[in-house]
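Asks: Protein sequences, first through last, are from chains P and W.
For our numbering, count along the first sequence from 1 and bump the result up by 9.
For our numbering, count along the second sequence from 1 and bump the result up by 92.
Built from N, CA and C at the ideal position, the CB exists for glycine as well.
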Amino acid sequence: MNKWFKHIGLAIALLFSAVCLANGGDEQALQPQASDAQIWAQLKDGATGYTTSQSEFHAQPINTYDLRVLELRSDWLAPALMAALFGMIIIFVLFIKVNGISKLHHGFSGKLVYRWSKFDVSIHWLGAIPCLMLILTGLTLLAGRFFFQPWLGEGIWEAIVYGAKQIHDVMAIPFMIGWALMTVLWAKNQLPKMYDVKWFLVVGGYINFGPFKGKHPDAGFANAGEKMWFWAFALFGLIISASGMLLLFPNLFEPSRTLSLIALVLHSVSAIVICAFSIVHIFMATVMSEGGMECMVSGYCDENWATQHHNLWYDEIKANGTLKYKE
Amino acid sequence: MATMKFLCDTKRCIECNGCVTACKNENDSALEWGIQRRRVVTINDGQPGEASISVACMHCSDAPCMAVCPANCFYRTEDGIVLHNKDACIGCGYCLYACPFGAPQFPKKGAFGSRGKMDKCTFCAGGPEENHSEAERQKYGSNRIAEGKLPMCAELCATKALLAGDAEVVSSIFRERVAYRGAKNAAWN
């Protein structure tokens, strides 16, 4: 009888060891004691577990993401934003030195034509003033440590970067309201037309030498360059607002860390585009196009400016009787 | 100089959270409510392959937090410890996004999602303030490194799962253990 038990016991032992050997051959199957290589593989894949900590993301020991994001920011995006601001200013100053500005051929007529409502002017500045401050503070936050900090004392740098962050956060709100209103309310005047192609072919008629000299391409309410700026602003304004919301209100949207890093990159890319366009836009309005600034001060433009730069629009409002002079 | 590192031996960690408590207690002066610099995470909890690991700042030699900080508030000591200057911290949270280990934490401050000054493990090495000054104690907690001592979490680990010290020394201790255990591919790699 005792012999029988021995045999059965041996058979069971052999059976189980065979099962164990079969499992041992499978690398992925978890043993009661996982090998360090298995644990490491799971952790690197972002495994989460149980922890007593209540802090954000603490259930996950390791979050993996593409580390090239870091170099992208320091080596490409930061210098690019510097170039988009200071580089564009230098290019435009040189361009104006060489080319000269776009003068009104017949001078100022003194008759002002209604172009923008008071509301339009106010939403422009609602977006524009925060936009300028966001560019300067955003530049400090992205590129400041590489380009400004080496020249500044510790205390001054700390104050500047702290101020930049606070201003950047607060100015985001009016900027987004301004962006949304401008994009929605102005889109109908910004639809591309066939004559916009011709506008680009002669660079808008702003070149004062060579074969382009003295050209005046057709333009409606907005010319092709303004339309390009408008749509770039609409698109990248959307990206910069959406990514900015993720970064500004993490408690509301609870983005993952990787998504936040992606938002950070998209935010910088959009900022570079908007900054470069903004510099061009400001130069065109204030220096390049004589009489252009008046539009965003009073909402009226000089009649000669309207016929020179927006001939199709002027003809249209004259024909349909909506032309309104300033009293 | 030494290059200071933490290493947690998952074969020895028993999820007692002694390291968490030791850290909390040692650095209590600097820790705001809800912040814990070290945590123990257990993966596959209650299942085959269960393993616990104690995690805090790993004091990376190519620290992502350092690369991403807009205020450039991080610095590396001559012992290879990654520290930060809370006076320069602007609470943007980028280091939290960049850190693979979730080490940076932010006390809640003000309205919306705005963050306070970042806090993280200092390897019990204080901060940029004068060693053992009141300012250092209030902002960063203890400074055991200046006293020639290792971080409290590792010193108090009952099973010596959590090791802290020069990378060479720590890894040779671990290698020795692995060799003694005799299993193939049993080491961290």
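(1) Residues of chain W with a CB under 9 angstroms from the CB of residue 89 of chain P: which are they?
(2) Does DSSP put residue 285 of chain P in a helix, a strand or coil?
(3) Going by the CB atoms, is the gap between residue 60 of chain P and residue 68 of chain P shorter than 9 angstroms?
(4) Going along the chain, which residues of its own chain have a beta-carbon closer than 6 angstroms to the beta-carbon of residue 225 of chain P, five neighbours each way excluded?
(5) Among the residues of its own chain, which have a CB less than 6 angstroms from the CB of residue 292 of chain P, if the five just before and after it don't count?
(6) Which residues does DSSP pair with residue 298 of chain P in a beta bridge?
(7) Would a C-beta distance cut-off of 9 angstroms place residue 218 of chain W and residue 194 of chain W closer than the cut-off?
(8) So, at 8 angstroms on beta carbons, what are the nonlocal neighbours of residue 129 of chain P in its own chain, with the 5 sequence-adjacent residues on each side left out?
(9) Would residue 295 of chain P pass as a contact of residue 243 of chain P if the rule is Cβ separation under 9 angstroms?
(10) Put residue 127 of chain W into one of helix, strand or coil per three-state DSSP.
(11) Per DSSP, what are the beta-bridge partners of residue 135 of chain W in this structure?
(12) For the beta strand (DSSP E) that residue 304 of chain P lies in, which residues bound it at each end?
(13) Report the neighbours of residue 128 of chain W on chain P: residues whose CB is nearer than 7 angstroms to its CB, in chain order.
(14) Check residue 224 of chain W in the structure and name its three-state DSSP category.
(15) For residue 189 of chain P, which option in P/272, P/76, P/247, P/269 has the closest C-alpha, if you only look at C-alpha atoms?
(16) Among P/250, P/266, P/205, whose alpha-carbon lies nearest the alpha-carbon of residue 234 of chain P?
(17) If I follow the unbroken alpha helix (DSSP H) through residue 273 of chain W, where does it start and stop?
(18) Hey, quick one: how far does the beta strand (DSSP E) through residue 96 of chain W stretch, first residue to last?
(19) Under 8 angstroms Cβ-Cβ, which residues of chain P neighbour residue 187 of chain W?
(20) Let me know the secondary structure DSSP gives residue 217 of chain W once reduced to three states.
(21) If the cut is a Cβ gap below 8 angstroms, which residues of chain A does residue 143 of chain W touch?
(22) Looking at chain P, is there any beta carbon in it that lies within less than 9 angstroms of the beta carbon of residue 262 of chain W?
(23) In its own chain, which residues sit with a C-beta less than 6 angstroms from the C-beta of residue 336 of chain P, not counting the 5 before and 5 after it?
(24) Less than 8 angstroms between the CB atoms is what I'm expecting for residue 239 of chain P and residue 199 of chain P, so what's the real figure, rounded?
(25) Looking at chain W, is there any beta carbon in it that lies within less than 9 angstroms of the beta carbon of residue 259 of chain P?
(26) Count the other CB atoms within 10 Å of the CB of residue 218 of chain P; is the residue buried (16 or more) or exposed (fewer)?
(27) With a cut-off of 8 angstroms on the beta carbons, I'd call residue 269 of chain P and residue 256 of chain P a contact; round off their distance for me.
(28) How big is the Cα-Cα spacing for residue 123 of chain P and residue 230 of chain P?
(29) Please check if any C-beta of chain W sits within less than 9 angstroms of the C-beta of residue 326 of chain P.
(30) Hey, is the segment 174–188 of chain P in contact with the segment 130–148 of chain P, meaning 3+ C-beta pairs nearer than 8 angstroms?
(31) Using a Cβ-Cβ cut-off of less than 9 angstroms, list which residues of the segment 186–209 of chain P approach chain W; keep chain order.
(32) Pull the bridge partners of residue 235 of chain W from the DSSP assignment, please.
Replies: Put simply:
(1) Residue numbering aside, residue 89 of chain P sits at position 80 when the first sequence is read from its first letter. By Cβ distance, chain W contributes nothing, its closest Cβ being about 16 angstroms from residue 89 of chain P, past 9 angstroms.
(2) The sequence position of residue 285 of chain P within the first sequence is 276, counting from 1. Looking at residue 285 of chain P - three-state DSSP - the assignment turns out to be helix.
(3) Residue 68 of chain P sits at position 59 when you count from the first residue of the first sequence. Residue 60 of chain P sits at position 51 when you count from the first residue of the first sequence. Yes, they are a contact pair.
(4) One-based indexing of the first sequence puts residue 225 of chain P at position 216. The residues are 214.
(5) Taking the first residue of the first sequence as position 1, residue 292 of chain P is located at position 283. If we look at residue 292 of chain P and ignore the five residues flanking it on each side, its Cβ neighbours are 101.
(6) Residue 298 of chain P sits at position 289 when you count from the first residue of the first sequence. Looking at the DSSP assignment, residue 298 of chain P forms a beta bridge with P/111.
(7) On the second sequence, residue 218 of chain W is found 126 positions in, with the first residue counted as 1. On the second sequence, residue 194 of chain W is found 102 positions in, with the first residue counted as 1. It is not a contact, given that the beta carbons lie outside the stated cut-off.
(8) Walking along the first sequence from the start, residue 129 of chain P turns up at place 120. If we look at residue 129 of chain P and ignore the five residues flanking it on each side, its Cβ neighbours are 194, 195, 308.
(9) Counting from 1 along the first sequence, the entry for residue 295 of chain P is found at position 286. Counting from 1 along the first sequence, the entry for residue 243 of chain P is found at position 234. Not a contact, by the Cβ cut-off of 9 angstroms.
(10) If you number the second sequence from 1, residue 127 of chain W lands on position 35. Residue 127 of chain W: coil per DSSP, three-state reduction.
(11) By one-based count along the second sequence, residue 135 of chain W stands at place 43. According to DSSP, residue 135 of chain W bridges with W/143.
(12) Position 295 of the first sequence, counted from the first residue, corresponds to residue 304 of chain P. For residue 304 of chain P, no beta strand (DSSP E) encloses it, and the DSSP letter there is neither H nor E.
(13) Here residue 128 of chain W refers to the residue found at position 36 of the second sequence. Simply 62, 64.
(14) Counting from 1 along the second sequence, the entry for residue 224 of chain W is found at position 132. Residue state, collapsed to three classes: coil.
(15) Counting from 1 along the first sequence, the entry for residue 189 of chain P is found at position 180. Among P/272, P/76, P/247, P/269, the Cα nearest to that of residue 189 of chain P belongs to P/247.
(16) Numbered from its first residue, the first sequence carries residue 234 of chain P at position 225. Minimum Cα distance to residue 234 of chain P is reached at P/205.
(17) To locate residue 273 of chain W, count along the second sequence from 1; it is residue 181. Unbroken alpha helix (DSSP H) run through residue 273 of chain W: 259–273.
(18) In the second sequence, the residue the question calls residue 96 of chain W occupies position 4. Residue 96 of chain W -> beta strand (DSSP E) spans 96–100.
(19) In the second sequence, residue 187 of chain W corresponds to position 95, counting from 1. Residues of chain P passing the Cβ test: none, with the nearest at roughly 10 angstroms.
(20) Indexing the second sequence from 1 puts residue 217 of chain W at position 125. It is a strand residue.
(21) Here chain A cannot be found, since the structure's protein chains are P and W.
(22) As a working note, residue 262 of chain W is residue 170 in the second sequence. Answer no: the Cβ-Cβ gap between residue 262 of chain W and chain P never drops below 9 angstroms.
(23) To locate residue 336 of chain P, count along the first sequence from 1; it is residue 327. Closer than 6 angstroms at the Cβ level, and outside the excluded window around residue 336 of chain P, lies no residue.
(24) As a working mapping, residue 239 of chain P is identified with position 230 in the first sequence. As a working mapping, residue 199 of chain P is identified with position 190 in the first sequence. Rounded, the Cβ-Cβ distance is 4 angstroms, consistent with contact.
(25) Counting from one through the first sequence, the residue named residue 259 of chain P turns up at place 250. So yes, residue 259 of chain P belongs to the interface.
(26) Working through the first sequence from its first residue, we reach residue 218 of chain P at position 209. Per the 10 Å Cβ criterion, exposed.
(27) Indexing the first sequence from 1 puts residue 269 of chain P at position 260. Indexing the first sequence from 1 puts residue 256 of chain P at position 247. The Cβ separation is near 6 angstroms, so the contact holds.
(28) Position 114 of the first sequence, counted from the first residue, corresponds to residue 123 of chain P. Position 221 of the first sequence, counted from the first residue, corresponds to residue 230 of chain P. Rounded to whole angstroms, residue 123 of chain P to residue 230 of chain P spans 12 angstroms at the Cα level.
(29) Here residue 326 of chain P refers to the residue found at position 317 of the first sequence. Chain W, which has no Cβ nearer than 9 angstroms to the Cβ of residue 326 of chain P, makes this no.
(30) Three or more Cβ pairs drawn from the segment 174–188 of chain P and the segment 130–148 of chain P lie within less than 8 angstroms of each other, which places the two stretches in contact.
(31) none
(32) As a first step, residue 235 of chain W is located in the second sequence; it is residue number 143 there, counting from the start. The partner list for residue 235 of chain W (beta bridge, DSSP) reads W/217.
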